[in-house]
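The structure appears below as structure tokens.
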Amino acid sequence: MNLIKNIYKILFEKYGPQGWWPLLNLGNVQSQSGSKSYGGYHPGNYELPLTEEQQFEIIAGAILTQNTSWNNVVKAILNLKQKKLLSVNNINKVNEKELALLIRPSGYFNQKAKRLKNVASFLISRQIKKLFAGKNLRAELLSLNGIGPETADSIMLYAAKKPIFVIDAYTKRIFARLGYNETGYDELQALFMSSLEPDAAMFNEYHALIVELAKNHCRKKPICSSCPLAGLCSYNKSIS
DNA sequence: TACCAGGTCCTCG
DNA sequence: CGAGGACATGGT
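Under this note's numbering, residues 3 to 242 are what the first sequence spells out, in order.
Structure below.
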């Protein structure tokens, strides 16, 4: 087993299924493990998203969470939900200024309002169903202003369930500390995708587990002592 | 109080 | 290309 696979195994055994992407609009979904879904997470259930509304909630969340803590994003999404704006058509219709005010808690709210309007009008012009079935989804998403590689790949993986590996700041930090030389987005992504079978459910978990590790141990100021990857990592052996 | 958070765009060398 | 700045709120 290669190291990339081994790391996944270690993280999954440590933290278990994560239940991404968190959705406020879960319907009556239950997790496979029998535990009930909480806070929008649905561990062990890989069926979601089931509806276009849920797909759009993921797309909106992916934009709102750009360089922003999820906690703040939840506040913004709750505001949108209350105004029935977790919908492509309604985002397309709403006044941009009004939208900006509603998503204010997520930060960068003027930019993000514009980005949400952008993507909504794009989804309508292409028709979300056809787009998600199409061949050039990633390239089309990347062509939109406000959607870069991570947001595009989050949409690919979590909304469209395509086996595309998402790279984020946590992934870069963790794997740099582990000693990998791959530094750019595409390079790191290629490392994962050439080391793993193309499995959307597993990519889903792996990315979520990386986030979990980064929050618990591999922070900017790391807590290495109890890190599940300590045995594989030579970074900062001296730090607690 | 300062630092950080599930990025992206634009400009400049 | 890549570095550097702008964009902004809320939690610790």
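Ideal Cβ positions, reconstructed from N, Cα and C, are used throughout, including at glycine.
_Restricting to Cα atoms, I'd like to know which of E152, A161, K163 is closest to K174._
The residue labelled residue 174 in the question sits at position 172 within the first sequence. The alpha carbon of K174 has as its nearest neighbour, out of E152, A161, K163, the alpha carbon of E152.
*Measure the C-alpha to C-alpha separation of K85 and K95 and round it to an integer number of angstroms.*
Position 83 of the first sequence, counted from the first residue, corresponds to residue 85. Position 93 of the first sequence, counted from the first residue, corresponds to residue 95. CA-to-CA, the gap between K85 and K95 works out to about 12 Å.
*Can you tell me whether E59 is buried or exposed, with buried defined as 16 or more other CB within 10 angstroms of its CB?*
Within the first sequence, residue 59 is the residue found at index 57, counting from 1. E59 comes out buried.
*Between which two residues does the alpha helix (DSSP H) carrying I105 extend?*
Locating residue 105 in the first sequence gives position 103, where the first residue counts as 1. Annotation: I105 is outside any alpha helix (DSSP H) and is labelled neither H nor E by DSSP.
_Alpha-carbon to alpha-carbon, S127 and R145_ = For the purposes of this step, residue 145 is taken as the residue at position 143 of the first sequence. For the purposes of this step, residue 127 is taken as the residue at position 125 of the first sequence. The sequence shown places Ser at residue 145, rather than the Arg named in the question. Straight-line Cα distance between these residues: approximately 14 Å.
*Neighbourhood of Y182 by C-beta, 6 Å cutoff - its chain only, sequence neighbours within 5 removed*: Position 180 of the first sequence, counting from 1, holds the residue named residue 182. If we look at Y182 and ignore the five residues flanking it on each side, it has no Cβ neighbours.
*In three-state terms, what does DSSP make of Y182?*
Residue numbering aside, residue 182 sits at position 180 when the first sequence is read from its first letter. In the structure shown, Y182 sits in coil (DSSP, three-state: anything other than H, G, I, E or B).
*asked:* On the CB-based measure, 16 or more other CB atoms within 10 Å of its CB, does S108 come out buried or exposed?
replied: Here residue 108 refers to the residue found at position 106 of the first sequence. The Cβ neighbour count for S108, taken over all protein chains shown within 10 Å, is at least 16; the residue is labelled buried.
*Test item: CB-CB of L198 and L231 under 9 Å*: By 1-based counting over the first sequence, the position of residue 198 is 196. By 1-based counting over the first sequence, the position of residue 231 is 229. No.
*Measure how close the beta-carbons of E250 and N27 come, nearest whole angstrom, since I'm counting them as under 8 Å.*
Absent from the model: residue 250. The displayed extent of the chain is 3 to 242, so no value can be given.
*Would you kindly work out how many angstroms separate the C-alpha atoms of F205 and V168, rounded to a whole number?*
On the first sequence, residue 205 is found 203 positions in, with the first residue counted as 1. On the first sequence, residue 168 is found 166 positions in, with the first residue counted as 1. Spanning the two alpha carbons is a distance of roughly 8 Å.
*If you run the structure through DSSP and keep just helix, strand and coil, what is Y187?*
As a first step, residue 187 must be located in the first sequence, where it is residue number 185. It is helical.
*Using the DSSP secondary-structure output, state which residues sit across from Y40 in a beta bridge.*
Here residue 40 is taken as the residue at index 38 of the first sequence, counted from 1. Paired residues: Y43.
*If you follow the alpha helix (DSSP H) that G63 is part of, which residue opens it and which one closes it?*
Position 61 of the first sequence, counted from the start, is the residue given in the question as residue 63. Unbroken alpha helix (DSSP H) run through G63: 54–66.
_Contact defined as beta carbons within less than 8 Å: I believe G36 pairs with L25. What is the distance between those atoms, to the nearest angstrom?_
Along the first sequence, one-based indexing puts residue 36 at 34. Along the first sequence, one-based indexing puts residue 25 at 23. The Cβ separation is near 19 Å, so there is no contact.
*Just tell me which of E214, N30, T70, K77 has its CA closest to the CA of Y10.*
For the purposes of this step, residue 10 is identified with residue 8 of the first sequence, where counting begins at 1. The shortest Cα separation from Y10 among E214, N30, T70, K77 belongs to E214.
*Closest residue to L118 among Y237, I12, N97 (Cα-Cα distance)*: On the first sequence, residue 118 is found 116 positions in, with the first residue counted as 1. The candidate whose alpha carbon is nearest that of L118 is N97.
*In or out: D155 buried (at least 16 other Cβ within 10 Å) or exposed?*
In the first sequence, residue 155 corresponds to position 153, counting from 1. Burial call: buried.
*Does DSSP classify N8 as helix, strand or coil?*
The sequence position of residue 8 within the first sequence is 6, counting from 1. Reduced to three states, the DSSP call for N8 is helix.
*Opening and closing residue of the alpha helix (DSSP H) in which R117 lies*: As a first step, residue 117 must be located in the first sequence, where it is residue number 115. 111–128 is the span of the alpha helix (DSSP H), which, as asked, contains R117.
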